[in-house]
Structures are given as C-alpha cells and as structure tokens.
Amino acid sequence: MDCKTLILFLFFFTLISSADFIIHPSNEVNLLDSKASQGELGWISSPSHGWEEISGVDEHYTPIRTFQVCNVMEYSQNNWLRTNWIPRNSAQKIYVELKFTLRDCNSIPMVLTCKETFNLHYLETEEDQGNKFREHQFSKIDTIAADESFTQMDLGDRILKLNTEVREVGPMTKKGFYLAFQDVGACVALVSVRVYFKKCPFTVRNLAMFPDTVPTDSQSLVEVRGSCVNNSKEEDPPKMYCSTEGEWLVPIGKCLCNIGYEERGVACQACRPGFYKASSGNVKCSKCPPHSYTHQEGSVHCGCEKNYFRADEDPASMACSRPPSAPRNVISAINETSVILDWNWPADTGGRKDVIFNVVCKRCWPGPRQCEPCRGAVRFLPRAFGLTNTTVTVADLLAHTNYTFEIEAQNGVSFQAPTIRQYAAVTITTNQAAPSAVTVIRKDRTSRNSISLSWMEPERPNGIILDYEVKYYEKQEQETSYTILRSKGTNVTLNGLKPDTTYLLQIRARTAAGYGSSSRKFEFETSPDSFSISSENSQVVLIAISSAVAIILLTVVLYIVISRFCRYSKSKHPDEKRLPFGNGHLRLPGIKTYVDPHTYEDPSQAVHEFAKELDASSIAIDKVVGAGEFGEVCSGRLKLPSKKEICVAIKTLKAGYTEKQRRDFLSEASIMGQFDHPNIIRLEGVVTRSKPVMIVTEYMENGSLDGFLRKHDAQFTVIQLVGMLRGIASGMKYLSDMGYVHRDLAARNILVNSNLVCKVSDFGLSRVLEDDPEAAYTTRGGKIPIRWTAPEAIAYRKFTSASDVWSYGIVLWEVMSYGERPYWEMSNQDVIKAVDEGYRLPPPMECPATLYQLMLDCWQKDRNNRPKFEQIVSILDKLIRNPSSLKITASTASRPVNLLLDRNSTDITSFHTMGDWLESARTLPCKDAFSGVSYSSCDTLAKTSAEICLTEVRPAATCPEWEPSMGITTL
9 MDCKTLILFL
19 FFFTLISSAD
29 FIIHPSNEVN
39 LLDSKASQGE
49 LGWISSPSHG
59 WEEISGVDEH
69 YTPIRTFQVC
79 NVMEYSQNNW
89 LRTNWIPRNS
99 AQKIYVELKF
109 TLRDCNSIPM
119 VLTCKETFNL
129 HYLETEEDQG
139 NKFREHQFSK
149 IDTIAADESF
159 TQMDLGDRIL
169 KLNTEVREVG
179 PMTKKGFYLA
189 FQDVGACVAL
199 VSVRVYFKKC
209 PFTVRNLAMF
219 PDTVPTDSQS
229 LVEVRGSCVN
239 NSKEEDPPKM
249 YCSTEGEWLV
259 PIGKCLCNIG
269 YEERGVACQA
279 CRPGFYKASS
289 GNVKCSKCPP
299 HSYTHQEGSV
309 HCGCEKNYFR
319 ADEDPASMAC
329 SRPPSAPRNV
339 ISAINETSVI
349 LDWNWPADTG
359 GRKDVIFNVV
369 CKRCWPGPRQ
379 CEPCRGAVRF
389 LPRAFGLTNT
399 TVTVADLLAH
409 TNYTFEIEAQ
419 NGVSFQAPTI
429 RQYAAVTITT
439 NQAAPSAVTV
449 IRKDRTSRNS
459 ISLSWMEPER
469 PNGIILDYEV
479 KYYEKQEQET
489 SYTILRSKGT
499 NVTLNGLKPD
509 TTYLLQIRAR
519 TAAGYGSSSR
529 KFEFETSPDS
539 FSISSENSQV
549 VLIAISSAVA
559 IILLTVVLYI
569 VISRFCRYSK
579 SKHPDEKRLP
589 FGNGHLRLPG
599 IKTYVDPHTY
609 EDPSQAVHEF
619 AKELDASSIA
629 IDKVVGAGEF
639 GEVCSGRLKL
649 PSKKEICVAI
659 KTLKAGYTEK
669 QRRDFLSEAS
679 IMGQFDHPNI
689 IRLEGVVTRS
699 KPVMIVTEYM
709 ENGSLDGFLR
719 KHDAQFTVIQ
729 LVGMLRGIAS
739 GMKYLSDMGY
749 VHRDLAARNI
759 LVNSNLVCKV
769 SDFGLSRVLE
779 DDPEAAYTTR
789 GGKIPIRWTA
799 PEAIAYRKFT
809 SASDVWSYGI
819 VLWEVMSYGE
829 RPYWEMSNQD
839 VIKAVDEGYR
849 LPPPMECPAT
859 LYQLMLDCWQ
869 KDRNNRPKFE
879 QIVSILDKLI
889 RNPSSLKITA
899 STASRPVNLL
909 LDRNSTDITS
919 FHTMGDWLES
929 ARTLPCKDAF
939 SGVSYSSCDT
949 LAKTSAEICL
959 TEVRPAATCP
969 EWEPSMGITT
979 L
C-alpha cells in the first residue's frame with residue numbers, strides 16, 4: 009500500500025470511528041446502502057487505476073467498504089466509478105445521499121492538477137447491463153462540492169470533516185438505473201452511498217388502515233382510501249392524502265368499533281366479561297349496571313338478575329329494577345258524595361323514577377265482600393289511571409253508599425311481573441246529600457194564559473225525590489214578585505199568566521236531605537192570541553227567526569269591513585309606502601348605521617343618497633385592465649374642480665343592460681358610498697345621467713392581496729405582514745360596528761396600494777346585519793366560497809360578523825403563507841368534511857405561534873367563542889408593540905396558551921409613556937418613518953403605523969404608468 013493510500017486509510021479509520029451515524033426516518037426506503045455491505049461492493053472503476061475500493065470499520069468495528077481517488081499528481085484526470093444495477097421498485101423520485109471527504113488543494117504540495125469537486129451521473133435501463141460501461145450514456149445529475157475540506161494539519165490532528173450531500177433524481181420511468189461518480193482531478197474519499205425513496209408508511213388512523221403509499225413525482229397530494237380494522241365499520245369513508253415528502257395529511261372520515269367491541273390502541277377488541285357495549289362508536293365498554301351481569305366476551309347488553317327486570321324502552325345502561333311496593337298511609341276526607349284520597353309514596357320504588365298510581369273504585373254491600381266496579385257518572389279529578397301525584401278527588405258518588413278504593417303503584421317493569429300487584433285499600437261510606445240540579449226543561453204547550461212544562465229527573469238524585477219546587481215570575485219584574493208551585497211529578501202547567509208576556513222559571517228537587525240546587529233560569533213566552541203552538545212548531549219558528557237575524561248581521565259586518573278597507577287604501581299616499589331610511593331602521597343622532605339599498609323601490613334614489621354624481625367630462629379613461637360581471641374595469645384619471653387630478657379605477661356597465669343588471673350594478677356603489685374608513689375601498693362617485701354608467705373608486709396600485717403576495721414571496725418582514733393584517737382587521741371592525749356582514753372576505757378581495765395599505769373591497773355578496781347583534785342573514789341561494797366560509801354558514805346559510813371572523817382567520821393564513829391556496833387541491837366536499845371533523849389548517853412556514861393561535865381562535869366551531877374584530881385589532885396592536893412576541897414560530901413551539909383574547913389586559917404593558925414606545929419603535933427597521941414626527945395619541949400612532957411604518961415605504965407617484973399586471977382585478 010503506497011503512502012497516499014495509507015494516509016487515506018488512516019483518515020477513514022479516524023473519521024468513521026468518530027462519526028455519529030443517524031437513524032433514518034421510517035418513511036425512507038433504501039434501494040442501496042454501501043455501509044450495509046460487509047464484502048466487496050463490486051462496482052466498476054474506469055480506468056482501473058482510478059477509484060480504489062478500500063475497507064474500514066465503523067464505531068462498532070463493523071467492516072465497511074469505501075472508495076477513494078487522489079491522482080492529483082497527474083494531468084487530465086477522468087476517473088469513473090459505476091454502481092451495480094439498482095431496481096427502482098415503484099419509486100418515481102429517487103434521493104441519493106453521499107457522505108464524503110475532500111482535501112483542500114492548497115494543502116497539497118507540488119500538485120499538478122487539482123479539483124475540489126466531482127460529478128454525479130445516472131443511467132436508466134430496463135435490465136442489468138452487466139459490465140458494459142459507456143460514459144456517453146450517462147446523464148449528469150449535479151456537480152458535488154464539499155462544504156468542508158481538510159488539510160494536512162487536520163489529518164495530523166485527527167480533526168476531519170465529513171460532508172453530506174443529498175440530490176433528487178426523477179421522475180424515473182424504467183425498471184432500474186445506475187449511478188456513476190466522475191473524478192476530474194480531486195482528492196476525495198466516498199465514505200458511503202445511500203439511495204432511497206420516500207413513502208407514506210403503513211399507519212392506522214381513526215381505526216382505518218392505510219397501506220404503504222409511494223407518492224408521485226408531482227406537487228399534488230395522493231388520495232388514499234383506508235380500510236377499517238377488524239370488528240369495525242365505516243361511519244364516513246376514511247381517507248388521507250400522501251404528500252411528496254412521505255407524510256400523511258388531512259385525515260377525513262373514520263371507522264367505529266362494532267357493538268360489543270371497544271377501541272384499544274389501534275384495534276377493536278371484545279368487551280371483557282362483566283362489561284358490555286350496546287352501540288357502535290369509539291367509546292369504552294361499560295361495566296354492567298346494578299342487578300345485571302354477563303359472563304361472556306363481546307356482550308352487547310347485560311342480563312337481569314332474578315326478580316329484576318328491564319323495560320323494553322330502557323337503555324342497556326340502565327340498572328335492572330323491580331315493581332314498587334304498595335302506597336302507604338292512605339287517608340280519606342268525605343264531603344257528602346265526594347271523597348279526597350291522599351297517600352304516601354311506596355317505601356320501595358323498585359329503583360325507578362317512573363312510578364305512577366292507579367285508583368280502582370268498587371261499590372260494596374253489607375255482607376261477605378260483595379263488591380262490583382263503580383258505574384254511572386263517577387268522576388276522578390284529575391283522573392283514575394296514570395297519576396303522578398299522591399292525591400285524587402272522587403266526585404258524584406251515591407249518598408249513603410259503601411265504596412272501596414284500591415290504590416295501586418306501578419312502574420315501567422310492573423307489566424313484566426303481573427302476579428306481583430302491590431296496592432293499598434280504603435273503604436268509606438258517603439254522607440247524606442241533596443239532589444243535583446235539574447238540567448233539562450221542555451215546553452210542551454203554550455196559550456195566551458198558560459204554559460205546560462216537563463223535565464227530567466236530576467242526574468244524581470242522592471235518594472228518593474219527594475217533590476219539585478217550581479219558581480216563576482215575569483221577566484220585567486226582575487224577581488221582585490214571584491210565584492212558587494210544587495209538583496210530585498216531573499211536569500206542571502202554569503195558569504193565570506198574561507198574554508204575550510215573557511216569564512223566567514227555575515226548578516229544584518227535594519229529598520229527605522233537603523232541597524238541591526236550583527236549575528238555571530229558563531225563559532218562556534205566552535201566546536199573543538188565542539191559538540196555541542206545539543213545542544216542536546215553536547222550535548222551528550225560533551230557528552228560522554234566528555237564522556234570518558244571523559244573515560242580516562253578517563251582511564252588515566261585511567259591509568262595514570269592506571268600506572273601512574277601501575277608505576284606508578284610498579287614504580294612503582304612494583310616498584308613504586316606502587320604508588323610512590330605506591331599510592326601516594331607526595337612525596339615532598350621531599350613530600352611523602348601514603342602510604340596505606335593496607329596500608329602496610328605486611335604486612337611483614339609493615345611489616344618489618349615498619354616492620356623489622360625477623360629470624362624465626371629468627373622467628379620462630386610459631386603458632382597459634380587466635373585465636367584471638357587468639362590464640369592463642378600466643384605469644383612468646379624475647379631475648374635479650379646484651382639486652388635484654388623481655388616478656382612479658373605473659367600472660363600466662356594458663351596453664344592452666337590463667333594469668335588474670342596472671339595479672345590481674348601482675347597489676354596490678350604494679353600499680360603498682356609506683363607508684368612510686382608511687381600510688375600506690373609497691368610492692369617488694358614480695355616473696348615472698349619461699352612458700356608459702360608471703362606478704369610480706380610488707386606484708390601488710398593487711392589485712389584489714393574494715396575487716401581490718405570490719409575486720413577492722418571502723420578501724416582507726413579519727412585522728410588515730402584521731401591519732397589513734391589522735389594516736384588514738381595522739376595516740372589518742368598522743363594517744361590523746356599522747352592523748354589516750361581508751360574506752366573502754378573502755385575500756383576493758383585499759386591494760393593496762403603493763404604500764402597502766390593505767383595503768377591503770368587493771361587496772357583491774355582502775348583506776346587512778340587523779340591529780340585533782346576534783341576528784344572522786340567511787341567503788336564498790347562490791354560491792358560497794367554501795374554503796373561506798364558517799361551518800354554520802355552509803350548513804345553514806346563516807352569516808354573521810362571527811362568520812366574517814372565521815373568514816378573517818383564512819385571510820390570516822393566506823397572508824402568512826404568501827398567497828397559498830387554502831386546503832391546497834382538496835375538493836370542496838372534502839374541505840367541508842375535514843373542517844366538520846375538527847381539522848384545521850396547519851401553521852404556514854415560519855409562522856409566529858401567536859398568529860397561529862389567533863387563526864385557531866378565529867376557527868372555533870362555536871361562533872360565540874370566536875374573537876370580535878375589536879379584539880383582533882387590539883391583539884395585533886399588542887404584537888406590533890412587542891415584536892419579540894413574534895419570534896417563536898408555531899413549528900418549534902407547543903400550541904400557545906390562549907392569552908390572545910385577554911380582554912382585561914391593557915394595550916401597553918411594557919411602556920410607561922409614549923416616549924418609551926417611540927424610543928423602542930425607532931429601533932425597528934421603520935425607525936426613519938418616525939424621525940421628526942410627534943404623536944398626540946396611540947390612535948394616531950396606530951393609524952400611522954398601519955399606513956407608513958409597517959410597510960416598505962415607497963414614494964407614491966402622482967399618476968404612475970398603468971400596467972395590466974398592477975390593475976384592479978376586482979372592484
């Protein structure tokens with residue numbers, strides 16, 4: 009072995025024995041690992057005196073094979089080393105990891121040719137080509153250079169540098185490939201070569217098994233359908249997405265353990281004896297409830313012990329129970345022919361709460377237990393069966409009669425033990441009682457001086473009726489003079505009456521207990537002449553007369569109602585039909601409230617109330633920069649009298665428009681015209697009295713926020729991004745305070761000017777929020793931006809300021825990811841399912857933990873738990889004043905405690921005066937913006953920071969040259 013080889017061998021031994029080899033991630037599958045071979049690798053070297061294979065040992069004294077070349081003392085080096093044929097299996101993207109050392113050329117004396125790099129090549133083939141080797145067939149992957157090189161001094165001090173480089177190769181299409189290493193004059197040692205690909209490894213998530221999956225060589229995610237583990241079934245189809253980095257993302261759907269099985273680890277296992285599970289789901293098996301048991305595994309319910317039962321409607325989790333014992337301490341209170349029964353609850357309810365009471369009435373005679381069920385009109389108050397209280401009143405009993413009442417207690421399992429009847433009995437005798445009132449009196453015949461009457465016996469005579477008392481008098485006398493007759497039977501004839509006179513009459517019955525109650529007053533009339541009319545004919549006449557009177561009265565009522573309605577309609581002036589202020593809201597002095605333009609019958613009236621009419625001659629259109637829903641979007645200039653010319657964006661209404669299109673077009677101007685805030689797009693005016701109809705707004709040089717961020721990826725500081733977000737939140741707070749819901753808050757609908765001030769725009773989907781802050785607007789249809797919309801708005805089409813807060817959380821994620829599409833390439837349906845199951849977007853790269861916590865707060869499922877826009881503005885102000893709180897990223901810190909919504913904390917915690925804050929602010933990159941400026945309040949300072957300090961300040965041109973890429977994409 010020559011000196012060169014000896015030095016390198018010593019170097020390798022020293023290097024490897026001190027190396028710390030890592031354990032590779034489980035999602036990497038090796039196709040080749042030179043360290044794993046303890047024998048010769050058999051790689052081809054061309055020429056043969058170029059690369060040399062030597063042996064060494066690692067830190068565990070395990071032999072390993074390495075290659076080295078160091079022909080720096082010769083000119084024109086071209087040394088190749090080719091691996092064996094490597095099958096690629098199913099991989100499309102291959103990773104090559106090289107561990108090597110390289111000597112510094114300057115440290116080699118009397119060197120003739122020396123390089124500090126070598127080349128990596130590959131060749132795809134369908135089969136192993138053996139020892140055939142053609143240099144021109146290989147394609148170059150990259151030139152490999154060392155981050156650290158060693159010198160002769162390093163070798164002597166045994167301080168050696170090991171370089172690691174990883175290169176990607178792909179997409180691969182053939183069955184296998186070769187790797188080749190080309191040396192053109194370097195002193196390099198190839199310590200190890202590892203070739204691998206990445207896969208999403210087999211995993212079990214939500215009780216669904218997902219197989220090993222090799223990602224494709226594209227930027228899209230691979231959707232993988234999972235299969236449920238044994239003894240489980242799908243609730244929603246389980247699936248996940250495999251990323252190109254071999255990571256599983258976005259679990260959707262899940263499996264549930266079958267009845268009798270519970271989730272243990274990643275499997276569904278049978279319930280142990282003494283435990284059961286009656287429904288499918290990922291809950292634990294439950295212990296058998298009291299008075300039940302099971303001796304088997306996988307039980308779905310527990311059987312009841314002897315003399316214990318379970319009702320059909322009882323859940324399996326309910327304890328077995330038994331019928332209740334009898335009621336206790338029954339007492340009775342008799343009042344003539346009524347009795348009040350009262351008792352106490354059973355001593356044992358059987359372990360149930362659904363105890364009811366039934367009362368059975370029996371009429372009994374003297375002698376050995378001769379009883380029969382009560383008959384007739386016996387009444388129970390409130391009822392006889394199904395009582396939930398311990399008292400009942402029994403009325404309309406017979407006088408001087410013996411009764412027995414059986415009070416039975418029952419519960420939900422009493423019918424399962426019919427032989428067990430638990431009741432308490434009480435026997436009573438009713439008192440003497442007067443008869444009840446006569447209820448029916450019939451007129452038999454009528455003449456000029458007499459009336460013949462008959463009636464029915466009282467329903468409850470309560471004994472033998474001795475006679476009836478008949479009392480009558482003339483109606484006009486009002487009972488000041490009356491006559492009384494007594495009758496043994498149930499009929500009487502009243503004689504000596506006046507002709508054509510009305511009489512009032514009452515009857516009452518008498519028994520040994522006395523008189524009963526009088527009947528109600530009945531009214532009769534004598535005939536005006538000598539003829540008589542039977543009762544049947546008189547009833548017919550009365551019916552006819554009553555019908556005629558009713559028809560006449562109905563006609564009069566209808567006439568009055570129709571007349572009043574017609575007078576009311578004629579009295580209404582057309583102007584009185586319009587709601588006050590356009591939407592029926594009561595405007596309070598000094599409080600500005602949003603007015604819905606859709607409540608105006610004439611859209612021109614709304615737009616003229618809220619928007620300024622411009623003269624078309626004051627507008628100069630420069631070029632068309634886009635197309636909108638109703639026409640073209642142009643750039644131009646606006647010159648008003650006594651004012652400086654400004655650049656504007658102009659939205660025109662295309663020719664041939666319908667009245668509805670004109671109404672919808674102008675309604676957006678009517679909405680924008682009501683807003684006046686630095687973070688809301690400003691309406692300059694409208695043109696409605698000439699064609700084309702135009703809406704003119706301020707011009708935003710940098711266009712929409714999402715496109716602007718994608719164009720300037722990773723070019724802003726975190727504090728600048730927070731400044732943009734603070735502006736958006738301030739604008740949304742203003743809209744929320746006015747009682748207004750945006751419904752389509754997204755980065756594409758935020759416009760950016762030359763000073764990086766963000767302004768909310770696009771009010772096409774916006775709707776009014778009523779005076780009630782908890783009210784919600786419900787749409788009647790239309791498209792919903794799923795990826796930006798809160799779950800309750802998707803499910804029920806209900807929109808509130810809280811749903812706008814959810815959308816703001818998505819905008820926050822868009823800003824921190826520099827315009828990345830939320831939920832990537834997932835379908836809308838998958839997004840809905842994932843969000844409903846609790847999935848939330850992960851933090852963007854290098855996103856501060858505090859901002860990601862704010863996102864999660866905005867994405868609370870319960871809308872009442874989301875922050876208000878006022879709180880969001882306060883949170884962002886606090887972060888701006890304390891930039892150090894933005895240094896901890898969400899990827900390196902645990903999920904932060906929810907301190908962002910501390911409503912009691914003050915905005916300034918670490919500065920005692922405004923001067924302290926300014927002194928701190930002048931240490932930031934924006935310190936030049938504060939030079940020579942004084943501020944009177946925190947509000948002034950916050951507004952300045954949103955528009956100047958927190959941006960990359962650039963001079964705004966008076967009217968910059970228009971470029972299509974910088975035009976307004978949405979108005």
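When we follow this note's numbering, the leftmost residue of the sequence shown carries the number 9, and every step to the right adds one.
Ideal placement from N, C-alpha and C gives every residue a C-beta, glycine not left out.
- Going by DSSP, LEU170 is part of no beta strand (DSSP E) at all; its letter is neither H nor E.
- Under the three-state reduction of DSSP, ALA278 is assigned to strand.
- Per the coordinates, the alpha-carbon of GLU313 lies some 6 Å from the alpha-carbon of HIS299.
- Between the stretch 691-711 and the stretch 836-851, the count of C-beta pairs closer than 8 Å stays below three; the two stretches do not touch.
- Classified as buried, PHE532 has 16 or more neighbouring CB atoms from the shown chains inside 10 Å of its CB.
- Between the beta-carbon of PRO281 and that of GLU305 there is about 6 Å, and that keeps the pair under the 8 Å contact cut.
- The stretch 275-293 makes no contact with the stretch 378-398, as fewer than three CB pairs between them are under 8 Å.
- Straight-line measurement puts the Cα of TRP796 at about 14 Å from the Cα of LYS869.
- In the displayed model, LEU561 falls within a helix according to three-state DSSP.
- Looking at the DSSP output, HIS129 bridges to LYS148, ALA188.
- In the structure shown, ALA722 adopts coil according to DSSP, grouped into three states.
- Taking 8 Å as the cut-off, the beta carbon of GLY747 is found no closer than this to the beta carbon of ASN687.
- Between the stretch 413-427 and the stretch 471-484 there are fewer than three inter-stretch CB-CB distances shorter than 8 Å, so the stretches are not counted as touching.
- In this structure, ASN366 places its C-beta atom within 8 Å of the C-beta atom of GLU416.
- In the DSSP assignment, LYS479 falls within the unbroken beta strand (DSSP E) covering 475-482.
- Scanning the stretch 223-257 for uninterrupted beta strand (DSSP E) segments of 3 residues or longer gives 230-233, 240-250, listed from N- to C-terminal end.
- Around the beta carbon of ALA722, fewer than 16 other beta carbons lie within 10 angstroms, which makes this residue exposed.
- ILE627 has LEU646 as its beta-bridge partners, per DSSP.
- DSSP places GLY735 in the helix class (H, G or I) of the three-state scheme.
- Non-local C-beta neighbours of GLN85 in its own chain, meaning closer than 7 Å and more than five positions away in sequence, comprise ASN79, THR121, ASP191, VAL192, GLY193, ordered along the chain.
- Residue pairing by DSSP puts TRP373 in a beta bridge opposite GLN378.
- Here the stretch 712-731 lies against the stretch 885-894, with 3 or more beta-carbon pairs under 8 Å apart.
- A direct Cα-Cα distance of roughly 51 Å separates TRP51 from VAL823.
- In the displayed model, CYS195 falls within coil according to three-state DSSP, outside both helix and strand.
- The stretch 257-267 makes contact with the stretch 200-219: 3 or more CB pairs, one atom from each, lie closer than 8 Å.
- Counting the other Cβ atoms within 10 Å of the Cβ of PHE189 gives 16 or more, which makes it buried.
- For ASN38, there is no enclosing alpha helix (DSSP H); the enclosing beta strand (DSSP E) has its first and last residue at 36-41.
- Bounds of any beta strand (DSSP E) do not take in GLY664, whose DSSP letter is neither H nor E.
- Of the residues SER554, MET464, TYR511, the one whose Cα lies closest to the Cα of GLU487 is TYR511.
- Short of 7 Å from the beta carbon of TYR480, and not among the five residues preceding or following it, lie these beta carbons of its own chain, in chain order: TYR490, THR491, LEU502, TYR511, LEU512, LEU513.
- Distances from the CA of CYS208 to each of PRO219, ILE364, ARG671, ARG494 were compared; the closest alpha carbon is that of PRO219.
- Residue pairing by DSSP puts ASP350 in a beta bridge opposite ILE339, THR399.
- Secondary structure at VAL823: helix, using DSSP grouped into helix, strand and coil.
- Between GLY178 and LYS101, the alpha-carbon positions lie close to 5 Å from each other.
- Here GLY394 has ILE364 as same chain residues with Cβ atoms under 6 Å from its own Cβ, once five neighbours each way along the sequence are excluded.
- Beta-bridge pairing by DSSP links SER422 to no other residue.
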